[in-house]
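Top line first, the protein sequences correspond to chains A and B.
For the record, in the first sequence the residue sitting at position 305 is 305 according to the UniProt record's numbering, with numbers rising by one throughout.
For the record, in the second sequence the residue sitting at position 131 is 131 according to the UniProt record's numbering, with numbers rising by one throughout.
Backbone N, C-alpha and C fix where the C-beta goes; we use that ideal spot for every residue, glycine too.
On a predicted model such as this, the values are computed, not experimentally measured, just so you know.
Heads up: the structure comes next, in structure tokens.
2 protein chains.
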Amino acid sequence: MSLIHALQSALGENAVLTQQADRARYEQDWRGLVNNPSLAVILPKTTAQVAEAVKLCAAHGARIVPQGGNTGLVAGAVPILGPDQVILSFSRLRAVRDVDLLSDTITVEAGLTLATVQQEAVKANRFFPVSLAAEGTAEIGGVISTNAGGLQVLSYGNMRAQVLGLEVVLADGTIWHGLSGLRKDNTGYDLKQLFIGSEGTLGLVTAATLRLYPPVATRASALVGIENIEQGLGIFTSIRHAAGNALTLCEFCTQPALSLGAAHTPNGRLPFIAPAYLLLEISALEGARDPREMLETVLMEALEKGRVLDAAIAQSERERLDFLALREAISEGELREGGAVKHDIAVSLSRLPALVRAVEDLVARTYPSLRPNIFGHVGDGNLHVNIRPPAGQTMADIANHKAAITRDVESLAISMQGSFSAEHGIGQLRLLGMAAHKSQTDLALMRAVKQALDPEGRLNPGKTIPES
Amino acid sequence: MSLIHALQSALGENAVLTQQADRARYEQDWRGLVNNPSLAVILPKTTAQVAEAVKLCAAHGARIVPQGGNTGLVAGAVPILGPDQVILSFSRLRAVRDVDLLSDTITVEAGLTLATVQQEAVKANRFFPVSLAAEGTAEIGGVISTNAGGLQVLSYGNMRAQVLGLEVVLADGTIWHGLSGLRKDNTGYDLKQLFIGSEGTLGLVTAATLRLYPPVATRASALVGIENIEQGLGIFTSIRHAAGNALTLCEFCTQPALSLGAAHTPNGRLPFIAPAYLLLEISALEGARDPREMLETVLMEALEKGRVLDAAIAQSERERLDFLALREAISEGELREGGAVKHDIAVSLSRLPALVRAVEDLVARTYPSLRPNIFGHVGDGNLHVNIRPPAGQTMADIANHKAAITRDVESLAISMQGSFSAEHGIGQLRLLGMAAHKSQTDLALMRAVKQALDPEGRLNPGKTIPES
């Protein structure tokens, strides 16, 4: 029996897409940069079906490309050019298996969208904190497999910090039963850590038990004008000392970046002009001290002491969302105004000023006609250092420079002991960075782990680890 | 050249202990249960010396037993009976390599005690939250390698959550340079996770970069009388919703357990008698709402509604410490009054009432003369379910029952999808539990990872994973 027939027989005919027209949207990545053919797209409904499909693919020598919402930015969920690959979509594994209010946990299947998990938490009078632009489409299995970050990592941690247990189909089709609502379990190696952030190369996440948090009652936010990132770090430290984990957002934007956001927000305007901005948000539980009052106290003192240039505290929920919209529109603005060479780098917070200066120097010296567009999660040391084409031009006009710009920007981060991919991962688009920046010891360890869990290379071939 | 001479030549003569009298205190575990001979105890001073020693041991066919403060409860840091083993003590790697106040990180070598790390944090006007009874002796490398927990996991997470980067000597003597102050780094597999909690079987932690937190300004605590653990979970949920992560302690003690603590505390007394107790502590940063006021509000309402039996809020720092002393004296009380068969189990919070009831039933039915002593970190679902000999008797009198009691108690936790070793780990004393309770898939995955990182079994032989 052919693989296709075997899969049809195991999963049902309507769960195996073989026509090019049906496969097309699964084969192309979110950014439209990669498009390679698959043998078929399969849509199992249960963990048992996932396991059966993996065994059938193995028996027929086909590899598996796991795919969630296909919203990743590094083409990690679409095929590479090369061996026979079956795309395994998790979109039909959508059950909420359990909500446990005493344990503050939710157990969900991989295909549920991140937004749905957030909504399920709200229904249960709880809060699920991972939040990112693609949350309406991104599926929780992918969010786990890429260890996604987003806006509130500062306070709650990234996706890794939310995972209490996993159910995983291994490379040979065995199901690893690691679902658990346990907060503590030191019985041998913490196996779930292997599968979080490994981009489906070590196992296929089919379900997860996640932490829930008490609901946030009120949020206060402020837009603060600063001279430079040093001032920004100063005020970040003050507010972090006053608010601790209640400081749930601390975003940095240079003036050009936030202006771009404002230009692409309906009725968007900057409340004042400054060389750079911090967007701060404090979250408070029911009955806690009024977070707006806390922001006012700290910012008033900072203004009096000349430690910030200006500050606007949102006076209403509407105004808070308006501030956030300015920040969130920056990427959209880039896209509409010619695109950008995008980077997602991180350094320790104390090296951020040197990094920003080095990027500005690099562009001024080597690419004087280009426009740096710098913004990001300053509280995590994570900046999106994007480089825009000259005004009126597009990415096509600077295509020749793209690889060199990326090499130069990533090298700056690496020279400061930083990361060249803080939250977006590797997939197939950042493999050059792995080869260029990771040590031989790093790569040897990763290859040894891959060999241990997937010796025949069946799972997501050509991703995460460069060929040796 | 013999191994001993080679080690002496590499590390200096005074760094190689070969006399039985010098080796003795390294060969016996903290609890005095295990005592097997080593070839030598070595005391390297630098990471380079650790790497060199590992290479020499490999060349001579000797295995390495890494040892920190030797305070573990499962004999994970002392030799097994069998192959040639060299104990590698980290106690001379004691440098604070870096304190970074903007990044809120500290980078320390493995041999620093946990208490010293806490003190270094205080000197820097920061807070390091991992705290446990042995902190004056336990060394940070061991605390990482065992993923230690302790009193404040509820709010800050266990040791894994504190580790931002590691430096590790691998099985072949290669140094893996993974120190990092990065909050986010999605460049391939998160290798540091392999070494946290793997009890030195995959690599030897020589240094770590750890998170620091804003200093805590005030703490308020209350001792609450409850009918049973269901009531305790109800009040826990209320306070967690009001305080969130500011609820830094939530300990449960049955009446016999806390009375035992009181009896072994100088001037110790229970402020009131109840079937069981919760000890709650809320921590507040500078300028936050008064935590005592928050406790008063929640507990007053709970008293009025009959959801707790009684409550005493500490009226001074002295009284807060007195409450804590009652809880902390329980283990000491057990030891002085004949000992106990000790267990460290966890279930999800919603299963705690069933677990407590099942343990009480088990003892009443099967071991009616024995006395259950139940207390622990209820907010983490982690209870120390200890079983004491009859009044006036000691452990020696119930030695015949010990293995059966442990099997029965651990099986109860496992039957509720729990853990049989929530925070103490496996070492060599809990290997029977691994063989009995872990699935074949779990064990196969662990063996594959061990084989990948330490194919010749050089690192901490006979620990963590049972032989197949």
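Assigned exposure category for GLY306 (chain A) - 16 Cβ within 10 Å defines buried: exposed
C-beta neighbour in chain B for GLU423 (chain A), strict 8 Å: yes
Counterpart residues of GLY178 (chain B) in DSSP-defined beta bridges: B:LEU166
Short CB-CB distance (under 8 Å) between GLU286 (chain A) and chain B: yes
Opposing strand residues paired with PRO66 (chain A) [DSSP bridges]: A:LEU88
Pick from A:HIS177, A:ALA222, A:VAL16, A:MET159 that is closest to GLU319 (chain A), judged by C-alpha positions: A:ALA222
The beta strand (DSSP E) enclosing PRO372 (chain A), as first and last residue numbers: 371-377
ILE42 (chain A) - partner residues in DSSP beta bridges: A:VAL16, A:LEU88
Within 8 Å, strictly: CB atoms of GLY232 (chain B) and ALA311 (chain B): no
For ALA346 (chain B) and MET416 (chain B), the rounded distance between their alpha carbons: 9 Å
Residue 471 (chain B) versus A:TYR367, A:HIS377, A:PRO466, residue with shortest Cα-Cα distance: Since the first residue shown for chain B is 1 and the last is 468, residue 471 (chain B) is missing from the structure and cannot be characterised.
Contacting residues, own chain, Cβ-Cβ under 7 Å from ALA75 (chain A) (five flanking each side not counted): ASP29, LEU33, VAL34, GLY427, GLN428, LEU429
Positions along the region 265-287 of chain B whose CB lies within less than 8 Å of some CB in chain A: LEU285, GLU286, GLY287
Chain-ordered chain A contacts of LEU233 (chain B) [CB-CB under 8 Å]: LEU102
Enclosing alpha helix (DSSP H) for VAL356 (chain B) [first to last residue]: 352-366
As assigned by DSSP and simplified to three states, the class of GLY225 (chain A): strand
Contact the region 258-273 of chain A vs the region 331-348 of chain A: 3+ CB pairs below 8 Å: yes
Residues in the region 181-203 of chain B having any Cβ partner in chain A nearer than 7 Å: GLY181, LEU182, ARG183, LYS184, ASP185, ASN186, THR187, GLY188, TYR189, ASP190, LEU191, GLN193, GLY197, SER198
Supposed contact pair LEU412 (chain B) and VAL359 (chain B) - C-beta distance, whole angstroms, cut 8 Å: 6 Å
Supposed close pair VAL96 (chain A), LEU114 (chain A) - CB separation, criterion 8 Å: Going by Cβ atoms, the distance from VAL96 (chain A) to LEU114 (chain A) rounds to 13 Å, so no, they are not a contact pair.
C-alpha gap between THR406 (chain A) and GLN440 (chain B), whole angstroms: 46 Å
Supposed contact pair THR201 (chain A) and THR464 (chain A) - C-beta distance, whole angstroms, cut 8 Å: 5 Å
Test: ARG327 (chain B) CB closer than 8 Å to a CB of chain A: no
Cross-strand partners of HIS384 (chain B) (DSSP beta bridge): B:PHE375
Exposure of ALA396 (chain B), with buried meaning 16 or more beta-carbon neighbours within 10 Å: exposed
Reference ARG92 (chain B), options B:PRO455, B:ALA403, B:ALA110, closest by Cα: B:ALA110
Segment contact flag, the region 355-373 of chain B with the region 204-217 of chain A, C-beta cutoff 8 Å, min 3 pairs: no
Which of helix, strand or coil DSSP assigns to ARG97 (chain A): strand
Under 8 Å between C-beta atoms of GLY188 (chain B) and MET159 (chain A): no
Spatial neighbours of ALA329 (chain A) in its chain, beta-carbon cut-off 6 Å, leaving aside the 5 residues before and after: GLY261, HIS264, THR265
Where GLN417 (chain A) falls: helix, strand or coil (DSSP): coil
First and last residue of the uninterrupted alpha helix (DSSP H) at ILE144 (chain B): 140-145
Between the CA atoms of LEU39 (chain A) and LEU7 (chain A) - distance to the nearest angstrom: 11 Å
Residues that DSSP places opposite TYR156 (chain B) in a beta bridge: Answer is none; TYR156 (chain B) lacks a bridge partner.
Min CB distance ASP442 (chain B) to chain A below 8 Å: yes
The region 124-132 of chain A in contact with the region 147-164 of chain A per 3-pair CB rule at 8 Å: yes
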